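To keep things clear, I will list the structure first and then write my remarks on it.
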Amino acid sequence: MDDFIAARAQMALSLGFHIIFSCVGMVMPFLMAFAHWKYLKTNNEVYKGLTKAWSKGVAILFATGAVSGTMLSFELGLLWPGFMKHAGPIFGMPFSLEGTAFFIEAIAIGFFLYGWERFNKWFHWFCGFLVGVSGLASGILVVAANSWMNSPTGFDYINGQYLNIDPIKAMFNDAWFPQALHMTVAAFCATGFAVAGVHAFMIMRKRNIEFHTKAFRIAVGFALIGAFGAPLSGDIAAKSVAERQPIKLAAMEAHFETEKGASFVIGGIPDEEKEEIKYAIKIPKVLSFLVSNDFNSEVKGLKDFPRDEWPPIAVVHYAFQIMIFFGVVMIGIGAIYLYAFFFKKEWLSKNWLLKTFLIATPFGYIALEAGWTVTEVGRQPWIIYGIMRTVDAVTPMPGIQYSFYFFTAIFVSLSLILIFLLKRQIQMVPKLYDPTDSQFNDKNNKS
Numbered sequence: 037m038d039d040f041i042a043a044r045a046q047m048a049l050s051l052g053f054h055i056i057f058s059c060v061g062m063v064m065p066f067l068m069a070f071a072h073w074k075y076l077k078t079n080n081e082v083y084k085g086l087t088k089a090w091s092k093g094v095a096i097l098f099a100t101g102a103v104s105g106t107m108l109s110f111e112l113g114l115l116w117p118g119f120m121k122h123a124g125p126i127f128g129m130p131f132s133l134e135g136t137a138f139f140i141e142a143i144a145i146g147f148f149l150y151g152w153e154r155f156n157k158w159f160h161w162f163c164g165f166l167v168g169v170s171g172l173a174s175g176i177l178v179v180a181a182n183s184w185m186n187s188p189t190g191f192d193y194i195n196g197q198y199l200n201i202d203p204i205k206a207m208f209n210d211a212w213f214p215q216a217l218h219m220t221v222a223a224f225c226a227t228g229f230a231v232a233g234v235h236a237f238m239i240m241r242k243r244n245i246e247f248h249t250k251a252f253r254i255a256v257g258f259a260l261i262g263a264f265g266a267p268l269s270g271d272i273a274a275k276s277v278a279e280r281q282p283i284k285l286a287a288m289e290a291h292f293e294t295e296k297g298a299s300f301v302i303g304g305i306p307d308e309e310k311e312e313i314k315y316a317i318k319i320p321k322v323l324s325f326l327v328s329n330d331f332n333s334e335v336k337g338l339k340d341f342p343r344d345e346w347p348p349i350a351v352v353h354y355a356f357q358i359m360i361f362f363g364v365v366m367i368g369i370g371a372i373y374l375y376a377f378f379f380k381k382e383w384l385s386k387n388w389l390l391k392t393f394l395i396a397t398p399f400g401y402i403a404l405e406a407g408w409t410v411t412e413v414g415r416q417p418w419i420i421y422g423i424m425r426t427v428d429a430v431t432p433m434p435g436i437q438y439s440f441y442f443f444t445a446i447f448v449s450l451s452l453i454l455i456f457l458l459k460r461q462i463q464m465v466p467k468l469y470d471p472t473d474s475q476f477n478d479k480n481n482k483s
């Protein structure tokens with residue numbers, strides 16, 4: 037394996053792995069805090085058990101995310117020293133603040149886990165809520181650093197030197213809000229559907245039905261916020277990309293020719309040699325409208341840009357199509373659930389509806405990974421858009437492929453350990469978390 041490809045593959049694997057835990061850390065504590073609030077308002081012990089079960093899951097996922105995040109920070113210096121040498125002083129602020137948010141999150145989760153019956157009940161609840169706020173801030177700050185790579189500002193680039201550095205301006209660059217908003221919405225959607233799918237499976241197995249039904253309904257509520265918010269945040273993000281990175285937009289749509297009234301492409305197979313897309317469904321003028329709210333506006337095609345600045349068209353286009361497909365599917369599932377909730381209550385307990393959510397368990401994270409593929413691969417060949425090429429930032433150290441193999445083994449091991457711990461956590465619901473279960477009462481009586 038070529039060292040450059042190995043470095044990119046290792047970074048892609050690390051980001052793809054860590055982004056899952058970032059999203060869980062941004063959303064799962066809010067589910068936990070909501071269940072805790074329900075317990076405090078209703079005094080229903082099932083909500084207390086649910087809060088404790090979810091808090092242990094948050095702790096497991098937090099620890100795994102801390103490991104993968106630490107590895108990722110080391111990789112930036114290990115694999116991309118040219119990038120860090122110049123970019124570090126410019127976009128270091130959001131990384132520093134992210135570290136602060138991480139420490140607050142760690143302290144808050146410790147207080148929450150060990151604060152039962154020790155703190156004032158509302159202070160205890162606030163500790164859990166703070167875990168979510170700091171996790172959300174942590175994710176947004178990392179996205180701010182990434183968005184700077186797509187929209188580099190806060191410095192003057194003169195004769196190969198980075199001068200007049202303004203870290204505040206770099207942090208709040210033109211891309212940070214659209215990316216942060218879309219990432220946050222996607223995190224709610226992905227995590228909500230994943231948690232709902234797990235609890236739907238347990239309901240279908242007739243295990244602790246009341247416990248899992250309450251969990252399922254809370255998770256679905258958060259999932260719907262993300263699913264129905266995604267088109268709005270996606271539209272804002274797409275307009276931002278069209279303004280700042282028109283070549284990325286062209287790659288997303290495999291749009292080769294500059295034209296007015298450009299069509300929105302569904303599906304299709306891009307052919308870079310012939311500079312065309314085959315077998316696609318084209319909806320006339322819709323792309324122009326999505327870009328500028330004008331059906332007849334001009335959209336630049338790939339042919340308007342130097343060939344050596346094209347990103348890998350097929351990868352970007354397919355990833356974008358995957359993101360759109362699963363996003364639409366989740367909106368459809370959400371619409372069915374809302375129809376059932378308001379008009380067909382009897383559907384809510386039907387196996388087919390639960391099975392739909394079970395099947396959709398990975399959909400949000402598939403869409404999320406595809407969206408990040410669009411963001412990162414669509415920026416190529418630049419690591420700092422328009423300033424520094426990725427190939428110029430990679431380490432000259434040989435043998436990077438062995439580092440890639442080693443890190444891959446670590447991530448596989450972490451995944452297996454995580455699956456084991458979460459499976460055991462679910463299996464302990466009857467004994468530790470569900471007060472309506474006879475096993476829970478037997479254990480308490482013995483103790």
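So the sequence shown is residues 37 to 483, counted in the numbering used here.
For each residue, glycine too, the CB sits at the ideal point set by N, CA and C.
It should be emphasised that the depicted structure is a prediction, and the values quoted were computed from it without experimental measurement.
Could you please give the first and the last residue of the uninterrupted alpha helix (DSSP H) stretch that includes residue i?
i: PHE53; result: 39 to 78
i: GLU246; result: 245 to 280
i: SER134; result: The residue asked about is misnamed: residue 134 is Glu in this sequence, not Ser. That run of the alpha helix (DSSP H) goes 117 to 150.
i: ALA236; result: 212 to 240
i: TYR469; result: Counting along the chain, TYR469 falls outside any alpha helix (DSSP H), and DSSP gives it neither H nor E.
Taking all protein chains shown into account, do 16 or more other C-beta atoms lie within 10 angstroms of the C-beta of residue i, making it buried, or fewer, making it exposed?
i: GLY175; result: buried
i: PRO214; result: buried
i: PHE229; result: buried
i: MET433; result: exposed
i: GLU153; result: exposed
i: LYS84; result: buried
i: PRO347; result: buried
i: PHE70; result: buried
i: VAL448; result: exposed
i: TRP158; result: exposed
i: PHE53; result: buried
i: ASN491; result: Nothing can be reported for residue 491, as the shown portion of the chain is limited to 37 through 483.
i: ASN79; result: exposed
i: TYR401; result: buried
i: GLN463; result: exposed
i: GLU405; result: buried
Taking just the CA atoms, how far does residue j sit from residue i?
i: VAL221; j: ILE261; result: 8 Å
i: PHE399; j: ALA259; result: 11 Å
i: THR472; j: GLY265; result: 36 Å
i: GLY124; j: MET47; result: 17 Å
i: TRP161; j: ILE419; result: 42 Å
i: LEU133; j: LEU177; result: 7 Å
i: VAL169; j: LEU112; result: 26 Å
i: PRO342; j: ILE283; result: 10 Å
i: LYS381; j: TYR373; result: 10 Å
i: TYR469; j: LYS92; result: 11 Å
i: CYS225; j: TYR198; result: 39 Å
i: MET424; j: TRP212; result: 19 Å
i: ASP428; j: GLY118; result: 7 Å
i: GLY171; j: PHE378; result: 33 Å
Would you say residue i and residue j are within 7 Å of each other, going by their C-beta atoms?
i: ALA316; j: VAL301; result: yes
i: VAL277; j: VAL351; result: no
i: PHE139; j: GLY164; result: no
i: THR294; j: GLY337; result: yes
i: PRO417; j: HIS353; result: no
i: GLY394; j: PHE252; result: It should be pointed out that residue 394 corresponds to Leu in this sequence rather than to Gly. Cβ atoms of LEU394 and PHE252: not closer than 7 Å.
i: PHE292; j: LYS339; result: yes
i: ASN332; j: GLY297; result: yes
i: ASN209; j: THR227; result: no
i: ALA181; j: PHE110; result: no
i: ALA216; j: VAL179; result: yes
i: TRP90; j: MET68; result: yes
i: ILE254; j: ILE245; result: no
i: LYS242; j: VAL82; result: no
i: ILE201; j: PHE191; result: yes
i: ILE436; j: ALA102; result: no
i: LEU323; j: SER299; result: yes
i: ALA263; j: ILE358; result: no
i: PRO65; j: VAL167; result: yes
i: ILE313; j: ALA290; result: yes
i: GLU308; j: ILE349; result: yes
i: VAL430; j: PHE356; result: no
Just reading off the beta strand (DSSP E) that residue i is part of, what are its end residues?
i: PHE300; result: 300 to 307
i: LYS391; result: It is not in any beta strand (DSSP E) - LYS391 instead sits in the alpha helix (DSSP H) that spans 387 to 395.
Is the shortest distance between the beta-carbon of residue i and the beta-carbons of chain B less than 7 Å?
i: ILE436; result: The question asks about chain B, but that chain is absent: this structure has only one protein chain.
Give, in chain order, every unbroken run of the alpha helix (DSSP H) that is at least 4 residues long and sits entirely within the segment 402 to 451. 426 to 429
Threshold first: 4 residues or longer. Then list the alpha helix (DSSP H) segments lying entirely within the segment 174 to 209, N to C. 203 to 207
Ignoring anything shorter than 3 residues or poking outside the segment 312 to 386, list the beta strand (DSSP E) runs there in chain order. 312 to 319
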